[in-house]
Ligand code: PMP
Ligand code: GLN
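Residue numbers (full-length UniProt numbering): 17 to 401.
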């Protein structure tokens, strides 16, 4: 986790946002919306502060938020979860992932199967927990895993199969065959499924299917989500982990010594958000879908090949071939602010050192920005031609 000189290495997101700030470039790198979320949610946080919800909340989360999460799981997915036993609130999905991996991993013989490219904290937390990372590649342009490679990766050494659906950075939504195979393999090898579904409501073609709803999955699945994505409040850091109570308790045992409790006034506000009508959830997906299309059109016009995402904030594009040697996404992204006034993230940042070469031509752009910002970014990229 440290740079060769012993200093803390910034994450790719911090590095690229700093580059955007320093150069004045449009930031299509780090995935965060540039507009506030719904008024009802923002007002609920202000009201909570005004009404004295400012001290340590309960460690599992405030009861109203736990109930709202339980109601949400039933309304959208038909899942019945006990708000007192089957869910805890965490400091965003990031802490949910860290405490889950630290809780479930026993030692260096444990393996965690992840799909590569992967969100950066997965490999970091597996390393912190002292386990081995086993990767299954997702390949351009559809980014679905090959089922034989998935079967080869999972064994009796597998403690966790870590899924992220919809997927960051590729925007892929796994097919039903892939989801079913994950459950079958977890059952066969007695592994736990940890599923990061933070983009559950940012999905464009079909309703989201939580792995926990599949036959045989619930009792071995921990589902991670985040209010940051669904309510455009990424800075509030309210996430949660749900699943069978024994697994959730193991996560809580670690979580209580990481952050103890989280953001008291933000919790009732996220509860308000989870109780918004269905129209809110449909509207955020369709607005982001329109932005995805706008970004995709702009990227194609600028000479990129585009993998059309089915969900998430992100679109992956292949760097235009200018006949001047093999593309290198990291160099390309470093030069992009000066060349085009745009920041994006190389896909290599989401792969381990041994597989980075497989993603060297690919760049991730965030579509979760205002329409006029995406139009300006598209114009700038087009002018680079
Ligand atoms: N998982 C994935 C796949 C993400 O994209 C993010 C957000 N960058 C997180 C986890 C972390 O979410 P949070 O901000 O709630 O910690
Ligand atoms: N999830 C966002 C992304 O992938 C932001 C992550 C972060 O800043 N840690 O860009």
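Every residue, glycine too, gets a C-beta built ideally from N, C-alpha and C.
Just curious, the alpha helix (DSSP H) that residue 402 is in, first and last residue?
Given that the chain is displayed from residue 17 to residue 401, the structure contains no residue 402 and the question cannot be resolved.
Cβ of residue 243 within 7 Å of any heavy atom in the ligand GLN?
no
From which residue to which residue does the alpha helix (DSSP H) around residue 136 run?
136-145
Three-state secondary structure (DSSP) at residue 284?
helix
In terms of residues, what are the limits of the beta strand (DSSP E) holding residue 159?
Note, residue 159: premise wrong, no beta strand (DSSP E); not H, not E.
Cβ atoms of residue 159 and residue 183: under 8 Å apart, would you say?
yes
Where does residue 256 sit, in a helix, a strand or coil, going by DSSP?
strand
Got a sec, what are the start and stop residues for the alpha helix (DSSP H) residue 117 sits in?
108-120
Run the proximity test for residue 251: is its beta-carbon closer than 7 Å to any non-hydrogen atom belonging to the ligand GLN?
no
Considering only the alpha carbon of each residue, which of 358, 343, 399, 325 lies closest to residue 374?
343
Using three-state DSSP, classify residue 250 as helix, strand or coil.
coil
Excluding the five sequence neighbours on either side, which residues of its own chain have a C-beta within less than 7 Å of the C-beta of residue 247, listed in chain order?
Result list for residue 247: 53, 54, 57, 286, 289, in chain order.
With H, G and I counted as helix, E and B as strand and the rest as coil, what does DSSP make of residue 327?
Strand, per DSSP.
Round the Cβ separation of residue 382 and residue 45 to the nearest angstrom and send it over; I've been treating them as touching at under 8 Å.
Indeed they touch by this definition, with Cβ atoms about 7 Å apart.
Taking residue 215 as the reference, which of 179, 127, 265 has the closest Cα?
179
Within a Cβ cutoff of 6 Å, which residues of the same chain sit near residue 173, ignoring the five residues on either side of it in sequence?
127
Taking Cβ to Cβ, would you say residue 124 is nearer than 8 Å to residue 147?
yes
Going by DSSP in three states, residue 171 sits in which element: helix, strand or coil?
coil
Bridge partners for residue 76 per DSSP, in chain order?
Looking at the DSSP assignment, residue 76 forms no beta bridge with any residue, so it has no partner.
I need the DSSP call for residue 359, collapsed to helix, strand or coil.
Residue 359 carries a strand assignment under DSSP once its states are collapsed to helix, strand and coil.
Taking just the CA atoms, how far does residue 82 sit from residue 165?
Linking residue 165 to residue 82 through their CA atoms gives a straight-line distance of about 38 Å.
Between residue 381 and the ligand GLN, is there a pair consisting of the residue's CB and a ligand heavy atom that are separated by less than 7 Å?
no
For residue 241, which residues does DSSP report across the bridge?
256
Buried or exposed: where does residue 91 fall if 16 or more other Cβ atoms within 10 Å of its Cβ makes it buried?
exposed
How many whole angstroms separate the CB atoms of residue 102 and residue 326, which I take to be in contact at a CB cut-off of 8 Å?
Actually they are not in contact, since the Cβ atoms of residue 102 and residue 326 sit about 28 Å apart, beyond 8 Å.
Going by DSSP, what residue range makes up the beta strand (DSSP E) through residue 51?
Per DSSP, residue 51 belongs to no beta strand (DSSP E) and is neither H nor E.
Under a Cβ-count criterion, where at least 16 other Cβ atoms within 10 Å of its own Cβ denotes burial, should residue 26 be classed as buried or exposed?
Label assigned to residue 26: exposed.
Assign residue 189 to one of three DSSP states: helix, strand, or coil.
coil
Can the beta-carbon of residue 363 be found closer than 8 Å to that of residue 332?
yes
Output needed for residue 129: all residues of its chain with C-beta closer than 6 Å, excluding positions within five of it in sequence on either side, in chain order.
150, 169, 170, 174, 177
Hey, would you say the C-beta of residue 358 is under 7 Å away from at least one heavy atom of the ligand PMP?
no
Three or more beta-carbon pairs under 8 Å between the segment 31-51 and the segment 354-373, yes or no?
A contact exists between the segment 31-51 and the segment 354-373.
In chain order, what residues of the same chain lie with their CB nearer than 6 Å to the CB of residue 201, ignoring the 5 residues before and after it?
170
Compute the Euclidean distance between the alpha carbons of residue 401 and residue 282, then round it to the nearest angstrom.
45 Å
Which one or two residues does DSSP pair with residue 148 in a beta bridge?
127
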